[in-house]
Amino acid sequence: MELDKKIIPCKLSGIERSETNILATLQQLDFKHESELVNKVIITLKGIIEKENQNIQIEEDSEENLRRGTLFYNFTDFNKALNLFNKSLTLNYNSAAALSNKSITLCKLNRFEEALESINEAIKINPKMVELWSNKGVILYHLNYFDDALHAYEKAIELDSSYSFAWTNRGVIFKKFYNIPEALENYIEAITLNPKNAVALSNIGVILDEIGFFEEAYEIQVKSTILNPYYPLAWYNIGVVLGKIGGSPEDILKAYDKATELNPKDADFWFNKGHALIKLNEYLKALDSFDKTTHINPNLIKAWNDKGSLLIKLSRPKEALLAFNTALKYETKIFLLVNKLIALKILGRKKEALEIIKKIEKITPKSSQDFYSLAFLFAFVNIKDKTIKYLVQAVKLDSQFKEKAKKDEIFKNLWDDKDFKKVVNN
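In full-length UniProt numbering, the protein residues as written are 1 to 426.
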């Protein structure tokens, strides 16, 4: 997208900013209604006209490059946004706005150390700007400097105790350390200060989900999307909760569709959408979702694994083997080795399959997933006693594997077996 005119970014004030999307209001017009927008645009236009009268070109205008960076940020073109913020700073290195926006853009690019440097420079220029301290807290959180992040949020609150967003992020810190009462207290304070704070409301919904109040969590997430229909995480959370309360596959997919539409660069959104598509037997579309997931986050082992399993289902074992091998480059897990073994067996590569079995035997199973994977393996090779043995251990550690075993077709030959029924129905 190329622009040959000067621009004025605008944001409806009712649209809440998310935890990692805190572009300060100083580079885009916040408006509550059309008449306010018109007045603010007129004021901004006067400044633009004055610069044009002075023959200041776009490429020489720091504020124009800042506004353009904001536009491309909102289009999620973060590399282009970063270039424009850098250009703005070249023209005016004392711009706290450009430094702040640069820092948040670097966050989006997972360049957190550089982001911290930028936000610190912005704070030196304007130490009393509340948004800067809140942004710094976000960056420190991503760097796992949680105490420092908490201090930054508290500094923001000290500067402006009515700044709802800082209370929201402070709650996130307490939630991180399982201090649920303190987290809820902060979220409630955030909503009291700003009843339209969809982020804080959605975060309360997440807590309700985690403690088993699924219906209430669903209602909260729906309210969050009513407050801010542009908040992707709330739509994602709706999809998650619907999966727990027996929502229709179509409704679950709609929620993930909305989440990926609003934020197409979140790997978890695409991953969950892939599974929603599988439930609707839309296997090729699901495969496309997993492809997008691994493109965004190549280190996400579960995505490579589930992509491989889907490719097995689609009778594409060579591609499946490639997916499992990619996952194993990042970490050696029993379930990945088992799935690789299945792909090798299908391909008739017996010698390599035997090597995988030897490798699996050397690993001591520890988690419920490990034991379930071993049960899966022995069900695949039709060794009943070992299948039951490992399934018992998996279920003992995590009862959710009872229902999983009833649905996984690898155990189909055992579904009517009395020993199998004893394990999954007990």
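In this text, a Cβ means the ideal position worked out from N, Cα and C, and glycines have one as well.
Asked                                                                                                                       : Found
Rounded separation between residue 241 and residue 209 - CA only                                                            : 7 Å
DSSP-derived helix/strand/coil call for residue 231                                                                         : coil
Own chain partners of residue 252 with C-beta closer than 8 Å, once the 5 adjacent residues on each side are dropped        : 239, 242, 243, 276, 279
Cβ pair residue 328, residue 340 closer than 8 Å                                                                            : yes
Residue nearest to residue 95 in terms of C-alpha spacing, selected from 127, 109, 80, 72                                   : 127
DSSP-derived helix/strand/coil call for residue 257                                                                         : helix
Limits of the unbroken alpha helix (DSSP H) element including residue 383                                                   : Here residue 383 belongs to no alpha helix (DSSP H), and DSSP marks it neither H nor E.
Every unbroken alpha helix (DSSP H) inside the UniProt repeat "TPR" (62–95) [4 residues or more]                            : 62–74, 78–91
Residue 124, buried or exposed, once every other Cβ within 10 Å from all chains shown has been counted against 16           : exposed
Three-way DSSP call (helix, strand, coil) for residue 154 in this model                                                     : helix
Cβ neighbour criterion (16 or more within 10 Å) applied to residue 419                                                      : exposed
Status (buried if at least 16 other CB within 10 Å, exposed otherwise) for residue 101                                      : buried
Cβ neighbour criterion (16 or more within 10 Å) applied to residue 344                                                      : buried
Proximity winner among 413, 74, 370, relative to residue 384 (alpha-carbon distances)                                       : 413
Distance between beta carbons of residue 106 and residue 98, contact taken as under 8 Å                                     : No, residue 98 and residue 106 are not in contact; Cβ-Cβ is about 12 Å, not under 8 Å.
Per-residue burial, residue 202 [other beta carbons within 10 Å of its own, 16 or more giving buried]                       : buried
Residue range of the alpha helix (DSSP H) that includes residue 328                                                         : 317–330
Among 151, 118, 111, the one whose alpha carbon lies nearest that of residue 142                                            : 111
Three-state secondary structure (DSSP) of residue 145                                                                       : coil
Three-state secondary structure (DSSP) of residue 185                                                                       : helix
Residue range of the unbroken alpha helix (DSSP H) whose run includes residue 302                                           : 301–313
Cα-Cα separation between residue 104 and residue 183, rounded to whole angstroms                                            : 24 Å
Inter-residue Cα distance where the pair is residue 291 and residue 306                                                     : 11 Å
Limits of the alpha helix (DSSP H) - the one that residue 164 falls within                                                  : 164–176
Counted within 10 angstroms of its Cβ, other Cβ atoms place residue 400 as buried (16 or more) or exposed                   : exposed
Cβ neighbours of residue 347 in the same chain (closer than 6 Å, five flanking residues each side left out)                 : 317
Burial state of residue 370 (16 or more Cβ within 10 Å)                                                                     : buried
Beta-carbon gap between residue 73 and residue 81 smaller than 8 Å                                                          : yes
Assigned secondary structure, residue 415 (DSSP; H/G/I helix, E/B strand, else coil)                                        : coil
Range of the contiguous alpha helix (DSSP H) that encloses residue 248                                                      : Taken as a continuous stretch (DSSP letters only), residue 248 belongs to no alpha helix (DSSP H), as it is neither H nor E.
Where residue 266 falls, given that 16 or more other Cβ within 10 Å makes a residue buried                                  : buried
Cβ-Cβ separation, residue 173 to residue 146 (assumed contact under 8 Å), whole Å                                           : 6 Å
Residue from 396, 171, 176, 296 whose Cα sits closest to the Cα of residue 188                                              : 171
Neighbourhood of residue 78 by C-beta distance below 7 Å, restricted to the same chain and skipping five residues each side : 105, 108, 109
From 84, 61, 357, residue whose alpha carbon lies closest to that of residue 70                                             : 84
Backbone CA spacing between residue 215 and residue 225 [nearest angstrom]                                                  : 16 Å
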